[in-house]
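Undergrad:
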Amino acid sequence: MPRNSRLALAVASGLAATALVAACGSSGSSPTGQPSNPPASSAPAAPSSPSTGTPSTPNSGKPALMTTTTTSLGTVVTDGNGFTLYRFDKDTASPSMSNCTGTCASTWPPALAGGDTSQLKGIDSKLVSTVTRSDGSKQLTLNGWPLYRYGADSKPGDTKGQGVMGIWFAATPTGGKATAASQPASPSTGGGGYGY
């Protein structure tokens, strides 16, 4: 192959790789910051945990679900890393179904089932199950309600997702909604909310 042809092929390959990387890094939001609607035919990629870039699954050796007590909400459910788990009012518990996909699932990563969902602390195992998401992954449920993390919760114990859009609530050990005397204003809690 002539040298000029090899050089042209190398440049074209580099441009194609750059375009592919740029497309994968797309945020899925429009320039206004509002969520864009993903094509109905495409299944969303497995969501990532906001701080680690890995699926929102419990660490091995730690309980898959556990409880913690907060000063503002009382006892709430967390994942094995101590991050608060939430439920979404637009989901259904009977039958279990998640309605948070695409951009919503980027802001609210589903709590995916790890290898051993029997690892529980402070939660009745009869209330814990999974639901199959549209991408085929298994999401943890509590009393039928799919569970999620909130992308704006930057450290264990944060509860910034409580009351967002009036439809996202920290989960209680029975799968109910945690309540507080005063909840944060929904749109101003950061991360856009994506109430869908």
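Read in order, the letters of the sequence shown correspond to residues -22 to -1, 1 to 174 in mature numbering (1 follows the signal peptide of the UniProt record, and there is no 0). Beta carbons: idealized from backbone N, C-alpha and C, even for Gly.
Cβ atoms of Lys116 and Thr108: under 7 angstroms apart, would you say?
TA: Going by C-beta atoms, Thr108 is nearer than 7 angstroms to Lys116.
Undergrad: With burial defined as no fewer than 16 other Cβ atoms inside 10 Å of the residue's Cβ, what is the status of Pro124: buried or exposed?
TA: Answer is buried; the Cβ neighbour count reaches 16.
Undergrad: Quick one: grab the DSSP three-state call for residue 182.
TA: The structure shown does not extend to residue 182, since the chain spans only -22 to 174, so no value can be given for it.
Undergrad: Name the one or two DSSP bridge partners that Asp57 has.
TA: Asp57 pairs with Leu43.
Undergrad: Consult DSSP for Gly52 and reduce its assignment to one of helix, strand or coil.
TA: Three-state DSSP puts Gly52 in a strand.
Undergrad: For Gly92, tell me which candidate among Lys138, Asn59, Asp69, Trp86 has the shortest Cα-Cα distance.
TA: The candidate whose alpha carbon is nearest that of Gly92 is Asn59.
Undergrad: Kindly indicate which residue of Thr56, Thr49, Pro151, Tyr64 has the alpha-carbon position closest to the one of Gly141.
TA: Here the closest residue by C-alpha is Tyr64.
Undergrad: Can you tell me whether DSSP reads Ser74 as helix, strand or coil?
TA: Strand at Ser74.
Undergrad: Using DSSP with H/G/I as helix, E/B as strand and the rest coil, what is Thr89?
TA: At residue 89 the sequence reads Ala, which differs from the Thr that was named. In this structure, Ala89 counts as coil in the three-state DSSP scheme.
Undergrad: How long is the line joining the alpha carbons of Cys78 and Phe66, rounded to whole angstroms?
TA: Approximately 8 angstroms between the Cα atoms of the pair.
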